[in-house]
Structures are given as C-alpha cells and as structure tokens.
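> Next up is a structure, given as structure tokens.
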Amino acid sequence: MMRFNRVIMVFSLVLITMILKAQDRNIGVNEVYPPAMFKENGGRFINVKKLVESGVYTVNAAGDGVTDDSDAIIAAMDWVMNRLRASGQPCGWRESWYIYFPNGTYRVSKPLVYSGDQVPDCVPAQASATREGTAGLKLVGQNRDSVIIKLNDNATGFGTGMKKPVVSFSKFDKGTIFNNAPAGFHFRNITIHTGSGNPGAIGLDFYGANTARLDNVKIVGAGEIGLHVRIGSAHGYYSNLVIDGFKYGIYLDGDAESHPAIEYVSLSNHSGSGILLSGISTSLRKVYSTNAITGLILQKKGTRFPHAVIVDSKFENGTSLNTGIRITDGFLFARNVELLGYGTGIKKLDTTVAASGTTAEYSSGSFKAFSETRVRSGVVKSMNLAVLDYPLIAWEGNFNDWANVDDYGAVGDGVTDDMAAIQLAMNAGKKVVYFPKNKYKISGTVSIPAAVKQVQGAGVWIEAGGVKFDVNALSADTLLLRDIELASGSIKHTAKRQLFLESTSSAGNVYTSFLTDSGTKVFANNTHGFARLDGTIKYVKAYVRFVNNEKVDHFQINAGISSTLWIFGFKTEKTYSVMKARDGAKMEVLGGLLNRYGTDVDPDPVGILNDNSDISVIAATNGPDRYWNPMIKDIQGIVTKNWLMNEFPFRGFGTNIVIPLYVSYGF
C-alpha cells in the first residue's frame, strides 16, 4: 500500500506543446429543421414564434429585442410540464418535446421556469416538499450567437443577494434540492445575457439525472453565478461553454450523487473563482480560464468532500496574490494543466503543492498500483491515453437531403411495425434520415447505407428489443446517430466506419462491435447502456464522454478483446460488480460515480476486475453502507492482488471512498 502526494513540475517546451488547446470550440452550428418536425405540422418541436399556430399559447414570442417574451416562453414550458403531469409523472417519461428558439433576441423580465407547484417526485413514496420530478424539458436554439435570452436591465427581484436564475430547470423558488427522475434535460445553442443592474442574477440553473445535455451555450453579464448546478441528481455531459462575468463562472453545488462531465469551456472576468466545486464530484477537460482570481476551488458541503479530475486545461493571467487551484477540502487529480501568472499553482489548505507553471500530474490522494516498478517511469503515472476530440459534424441545411421516415410509409404510433418504411428512407440516398413523431416500432434490423451521414432522432423512442440498426456499409464519412432512445434494442457495428453516438441510449445495451480487427473509432457522448455487456467493446477505440449504466447484473462497464475504452465521467448504480477489463484491453477512467443506492448484492462482489489488461481508474462512491469485496481485483498472469474499500481514502460521509488513482499497465 502506497500513500503519498505526487507532483512533478516540468517547464520544458516539449511538455508545454503536449498541452492540448483548451477552450470552447465555437462550433457555429445553425440548427434548422424541416417543417414536418414542428408541432403545427404534427412534429415535436414547439417554435416559440409559432405558439398560436401550434395551439400552445394565445401569443407568440416575438424575439425582437423589444417585446417582453417571458410569458410566452413560460407558457411553452408549462405546456410540456402539463403533458408530464397528465401522464402521471412516471419515472422515465417517454414523450419528447423540444422548445425551439429561431434566431432573435428574447427579452425577459422574470425567471423562465415552469409555473405552479413543482412536479412531484416520480416515486410517490419519496414525494416531499424538497423533491421534484420535473422531466423532459429541452430548450434548443437555432444558433448560439443569434439566439439571445436577455434579462431586462435593473429587473425586479434580481437585486443583491437574491440569487435568482434567468433560466431554470427546477423550482428554485420552492426550495427543491433533489430530483431523481431520469430527466433527459437539454439546453443548447443559446446565449443568456443577464443585463445590467442585476447583481443577484444567475444565468442558468441546470441539472438532470443520468443523461442531461448542455452544449454550445454562452452566458454573459454580471451577477452571482453564470452556470449553477444546484440540484441533485446532476449527471451527463456539458460542453462548448463560454461564461464571462459573474462572481463564479460555474458553481457545482448539488447532491453528492452528482457527477457532470464538463469539457471545452472558456471562463473570464470572474470575481470569486472560475469554478467552485462544493461537495460533489466532476470531470473537467479543456477548461480555459483567464482570471486574476483562483481558477478552481474545492470545498466540502456539510461533511461531504468534493472530488475533481481536471486534465488538458489552462488557467492564466492570475496575480501573484492568488493560487491557480485551491483545495480547501476534498480530492484533486490534475494532469497537463497550465497555471500561469499565479503566486502558486496549487494549494492544499495553506500548503503549496505545485508551483505556478505546468503541472504534468498531481494527485492529492493516495496512489495505488499493481506493481509500482512496472508503472511507467517519469512524470506521469496515470495511463494518459491519447485522446481524440469528438468530430464536429456539419449541420445539413439543405432539406432536400433529409429523408422523413413518414414519407416512406412509417406510421409512428409505436404499435405498427415501421421497419420496412424506415429501411426505404435509409435507402433513399439522402444524407439525413429523421423521425418527426415520438414513437416508432422496428421489429427487426434496419441497415444504414454509406450514403446516410446522420440519423436525427430528436428524442425518438424505438420500440422492441434486439438489433435495431446495423452499421454495415463502409464509408469515409463519420456516421452520426443523434438523440435516439432504444427501448431495449442495440446498434450493431459491422463495417469499419467511424461512428458517433450523441445522446443515443438504450435501456439494454446500446452498442455492440462485430468488428474483427482493430482501429475503428467510436465516439459516445451522454449515453446510457454503452459498454454495458461483456463482449460488446472489442476491436475498437471508444471515446466516451459520460455514460450512465444501471443494469441488474454484474459488470456495468466492460472493455474486451483488442479494445481501448476511454471514459470521461460515468455513473453506475447498485452494488453489482462495476467494471471489467479483459483480454488485453486498455481502459482509462477519468472520474465518475459508483452509486450504492438500489439493489444491495449479497454476498459482496468484486467492484473492479482487471483480468490481464491495462487499466487506470479514478472514481468516487456515494450512498448507503454497502460494499464491494474486494474493491479492486487485479489478475496479471499467475499473480492476483486485491484492494479493499477501507484501503482507499474516506470521502467524509458514511463509508464512502475516493479512488484517487489506481493503475495497472505495462505487463
């Protein structure tokens, strides 16, 4: 057992060039849809400028920068929430509605949040005044720089100390602090401006259990907080964010069960800190902060210690009076992080643990390895796999290249078998295939030809189990499958074509590789069910940006034959065995949450199993006093080693622990 703090400072030009460019990618998407996708034409997108035509409200939002659009936008949110209420607030609501903002400036005078009492918890026995069951809110803009939600200057109720959001996905005014519903929240392609004279303003109050998605968002102005993650559960993938102004750029303050993965961020002009992490865990990558004040602060919430992983990031323009990262409480893993202009790079309490400059690797907790002598020598002890950014797929603006599955005979009622019609749409030679209705049934397997570059589901629910889509045609073009929910089905990967799953999930196993030789790449952002079954990840390089797996069986995350599995944030549930790597796989996990709520398995199983493979794991636990025994079991040849839960650092509450870093590779 080895317990020591490690930091290696390297100032060489060679290492500095290894620091990947960190910041918002400014993806510039112009997200437009064919008329059939909109509610007035039978689709599921609610255009805020056509609320009258779609029967949602008596007045349209103007988006002219003059008219107060608050009530119109809130009415659209209420319409979605009333659908949820009418359905009985089930856990895992199956309807999918998008509130769509065409380009324009939407002036508002009060918080945009649904009206009335909070939607109750989706589990009636858990209902209380502090819990809500809000789900299904999806707000989507056409273009980030051209869709602006702007708070009036000197707006009523946004004075000093009020801490009131401009846009909120929760009933902040009702004191709710927890929502366990699989919310499926989305917010993208929108700028929020908090105006002037609003010192108590918060730009966005966002969260969401399991697979929430925040992307391509700018929050500017002044006030308390740019992005506030206040409620648990908060999971999912947040990317391409610009936050300018405010006391805190990002304040992560939810329940300890939370773990958002946050990437491609630009922070500037904050008076408190760029990121404040209070009691929860998170994964951070490619964060760029230009602030005189501290870039990242870790502090406990009650007794709960925070846990942060930050890699490939840059904090600059600090002053000699400040430190780049401050650990008041909790655990930090930092790798390839530049901390420039500060008096100190990283401080733990009052102790300087890293000077300003470039931190190659630092772990504030204990470091464990199968064999210290077999771990890579030098400045970096974690596996440090080469990481690819997910591909930016150009939005197709020519609707002549979109194939509507309904035009080929699909009914979209979730009962009629639409398999033949969907296959006809796939074979139509169009670049994009899309699903305008909420639910379709596919009885067998639909093949995706080389000509198809995007399958746009818009939250579509695909009924029936088994293989639903087969990627079986070679193409040099990446295939994007976006916003698709498979009831229990999966995607079969047969051809060596690069695949990108964006917010595409299954209650079963969403993806299976049928490839027979190595090299093909798969990207999976904000997904449920990826790597869920043994044998599904083989002969691929998979880059996963947040995965939520909750199956009622052992080994929630699996890496197999000749595969590379890179995971940037995860959440699992129950105390079944969590991870397994076998047959020479390489698996690196940069933060995530092993949640011990749900089924308690007896006898206590192994938590993480490494079977003659290479692994590098950073994670934390949450929940009641339930156990894995051992926490890690590692087999290399004829030698087996075990690590118990109590050999890892205490997270501050219950019997919860942090795995600051475990490595086993190079055999």
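Reading the sequence shown from the start, the letters are residues 595 to 1261 in the numbering used here. Glycine included, C-beta positions come from ideal geometry on N, C-alpha and C. Just so it is clear, the structure is predicted and the values come from calculations on it, not from any experiment.
Could you check whether the region 620-637 touches the region 822-829, counting it as contact only if at least three pairs of C-beta atoms, one from each stretch, sit closer than 8 Å?
Counting Cβ pairs under 8 Å, fewer than three are found: no touch.
> Does the Cβ of ILE610 have 16 or more other Cβ atoms within 10 Å, making it buried, or fewer, making it exposed?
The residue labelled residue 610 in the question sits at position 16 within the sequence shown. Only weak support exists for where ILE610 lies, its pLDDT of 34 falling under 50; the value from the coordinates is given anyway. By the 10 Å Cβ count, ILE610 comes out exposed.
> Counting Cβ pairs, one atom from each stretch, are 3 or more of them under 8 Å apart for the region 938-957 and the region 1218-1234?
Judged by Cβ distances under 8 Å, the region 938-957 makes no contact with the region 1218-1234, as fewer than three pairs qualify.
> Whole angstroms are fine: how far does the CA of SER865 sit from the CA of GLY698?
Reading the sequence shown from its first residue, position 104 is the one you call residue 698. Reading the sequence shown from its first residue, position 271 is the one you call residue 865. Answer to the nearest angstrom: the Cα atoms are 30 Å apart.
> For SER1156, which of LYS1168, GLY730, ILE1131 has the nearest alpha-carbon?
Taking the first residue of the sequence shown as position 1, residue 1156 is located at position 562. Comparing Cα-Cα distances from SER1156 to each of LYS1168, GLY730, ILE1131, the minimum goes to ILE1131.
> Quick check on DSSP: helix, strand or coil for PRO705?
As a position in the sequence shown, residue 705 is number 111, starting the count at 1. Note: PRO705 maps to coil in three-state DSSP.
> Which residue or residues does DSSP assign as beta-bridge partners of THR1169?
Within the sequence shown, the letter at position 575 stands for residue 1169. DSSP output for THR1169 lists no bridge partner at all.
> Closest to CYS716 by CA distance: which of ILE693, ALA803, ILE1232 is it?
Here residue 716 refers to the residue found at position 122 when the sequence shown is read from its first residue. Of the listed residues, the one whose Cα sits closest to CYS716 is ALA803.
> Count the C-beta pairs between the region 740-753 and the region 763-781 that are closer than 8 Å, then say yes if the count reaches three, no if not.
No contact exists between the region 740-753 and the region 763-781.
> In three-state DSSP terms, what is MET675?
The residue you call residue 675 lines up with position 81 of the sequence shown. Correct three-state label for MET675: helix.
> Where does PHE1265 sit, in a helix, a strand or coil, going by DSSP?
This structure does not reach residue 1265, given that the chain is present from 595 up to 1261, and the question cannot be answered.
> For the structure I just gave you, are there three or more beta carbon pairs, one from the region 743-758 and one from the region 708-715, closer than 8 Å?
With the cut-off at 8 Å, the region 743-758 and the region 708-715 do not touch.
> Reducing DSSP to helix, strand and coil, say where THR922 ends up.
Against the sequence shown, residue 922 aligns to sequence position 328. In the structure shown, THR922 sits in coil (DSSP, three-state: anything other than H, G, I, E or B).
> Using only alpha-carbon positions, find the residue among PHE925, ARG920, LEU1127 that is nearest to SER950.
Start at 1 with the first residue of the sequence shown, and residue 950 comes out as number 356. Closest by alpha carbon: ARG920.
> Let me confirm a value: PRO705 is counted as buried when at least 16 other C-beta atoms fall within 10 Å, else exposed. Which label applies?
Position 111 of the sequence shown holds residue 705. Classification for PRO705: buried.
> Taking SER1112 as the reference, which of ALA1089, SER1097, MET671, GLN1150 has the closest Cα?
Numbered from its first residue, the sequence shown carries residue 1112 at position 518. Out of ALA1089, SER1097, MET671, GLN1150, ALA1089 has the C-alpha closest to the C-alpha of SER1112.
> For the alpha helix (DSSP H) that ILE1016 lies in, which residues bound it at each end?
Translated into positions along the sequence shown, residue 1016 becomes position 422. Residues 1013-1020.
> Assuming GLU1167 and SER1210 form a contact by the criterion Cβ under 8 Å, report the distance between their Cβ atoms to the nearest whole angstrom.
Here residue 1167 is taken as the residue at index 573 of the sequence shown, counted from 1. Here residue 1210 is taken as the residue at index 616 of the sequence shown, counted from 1. Actually they do not touch by this definition, with Cβ atoms about 23 Å apart.
> Less than 8 Å between the beta carbons of PHE1094 and ILE1253, yes or no?
Your numbering for residue 1094 matches position 500 in the sequence shown. Your numbering for residue 1253 matches position 659 in the sequence shown. No.
> Whole alpha helix (DSSP H) runs in the region 1009-1080 with 4 or more residues, listed along the chain?
Runs found: 1013-1020.
> Mind reading off the beta-carbon distance from ASP1177 to PHE1149? Whole number of angstroms is fine, and I expect it under 8 Å.
Within the sequence shown, residue 1177 is the residue found at index 583, counting from 1. Within the sequence shown, residue 1149 is the residue found at index 555, counting from 1. Wrong, their Cβ atoms sit about 14 Å apart, outside the cutoff.
> Helix, strand or coil: which one does DSSP assign to PHE1162?
If you number the sequence shown from 1, residue 1162 lands on position 568. Coil, per DSSP.
> Pick helix, strand or coil for LEU607, following the three-state DSSP scheme.
Working through the sequence shown from its first residue, we reach residue 607 at position 13. The pLDDT assigned to LEU607 is 31, lower than 50, so where the model puts this residue is not dependable; a value taken from the coordinates is nonetheless given after this. In this structure, LEU607 counts as helix in the three-state DSSP scheme.
> I'd like to know whether the C-beta atoms of GLU625 and GLN736 end up nearer to each other than 8 Å.
On the sequence shown, position 31 is the one that residue 625 refers to. On the sequence shown, position 142 is the one that residue 736 refers to. Contact: yes.
> Could you pull the DSSP bridge partners for VAL1134 from this structure?
Along the sequence shown, one-based indexing puts residue 1134 at 540. Note: VAL1134 sits in a beta bridge opposite THR1114.
> To the nearest angstrom, how far is the alpha carbon of SER1107 from that of GLY1123?
Here residue 1107 refers to the residue found at position 513 when the sequence shown is read from its first residue. Here residue 1123 refers to the residue found at position 529 when the sequence shown is read from its first residue. Rounded to whole angstroms, SER1107 to GLY1123 spans 14 Å at the Cα level.
> If you draw a straight line from the alpha carbon of LYS975 to that of SER1207, how long is it in whole angstroms?
As a position in the sequence shown, residue 975 is number 381, starting the count at 1. As a position in the sequence shown, residue 1207 is number 613, starting the count at 1. Near 17 Å, if we compare the C-alpha coordinates of SER1207 and LYS975.
> Please work out which residues of its chain come closer than 7 Å, Cβ to Cβ, to ALA886, disregarding the five sequence neighbours upstream and downstream, and give them in chain order.
Translated into the one-based positions of the sequence shown, residue 886 becomes position 292. ASN911, GLY912, THR913, ASN916, listed in sequence order.
> Output the distance between the C-alpha atoms of GLU1241 and PRO900, rounded to the nearest integer angstrom.
Taking the sequence shown and counting its residues from 1, one reaches residue 1241 at position 647. Taking the sequence shown and counting its residues from 1, one reaches residue 900 at position 306. So the two alpha carbons sit approximately 19 Å from each other.
> From GLY924 to ALA1213, what does the alpha carbon distance come to, in whole angstroms?
Within the sequence shown, the letter at position 330 stands for residue 924. Within the sequence shown, the letter at position 619 stands for residue 1213. Their Cα atoms are separated by approximately 13 Å.
> Taking just the CA atoms, how far does LYS941 sit from THR1114?
One-based indexing of the sequence shown puts residue 1114 at position 520. One-based indexing of the sequence shown puts residue 941 at position 347. Cα to Cα, THR1114 sits roughly 42 Å from LYS941.
> CA-CA distance, GLY622 and TYR1137?
Stepping through the sequence shown from its first residue, residue 622 is reached at position 28. Stepping through the sequence shown from its first residue, residue 1137 is reached at position 543. Distance between the alpha carbons of GLY622 and TYR1137 is about 23 Å.
> Along the beta strand (DSSP E) that carries PRO1199, what are the first and last residues, could you check?
In the sequence shown, counting from the first residue as 1, residue 1199 sits at position 605. Run containing PRO1199: none; DSSP gives neither H nor E here.
> Enumerated in chain order, which unbroken segments of the beta strand (DSSP E) with a length of 3 residues or greater are wholly contained in the region 689-743?
DSSP runs (the beta strand (DSSP E)) wholly in the region 689-743: 692-695, 698-702, 732-735.
> From which residue to which residue does the beta strand (DSSP E) around GLY820 run?
As a working note, residue 820 is residue 226 in the sequence shown. That run of the beta strand (DSSP E) goes 819-823.
> Please report the straight-line C-alpha distance between PHE779 and GLY730, rounded to a whole angstrom.
Mapped onto the sequence shown, residue 779 falls at position 185. Mapped onto the sequence shown, residue 730 falls at position 136. Distance between the alpha carbons of PHE779 and GLY730: 6 Å.
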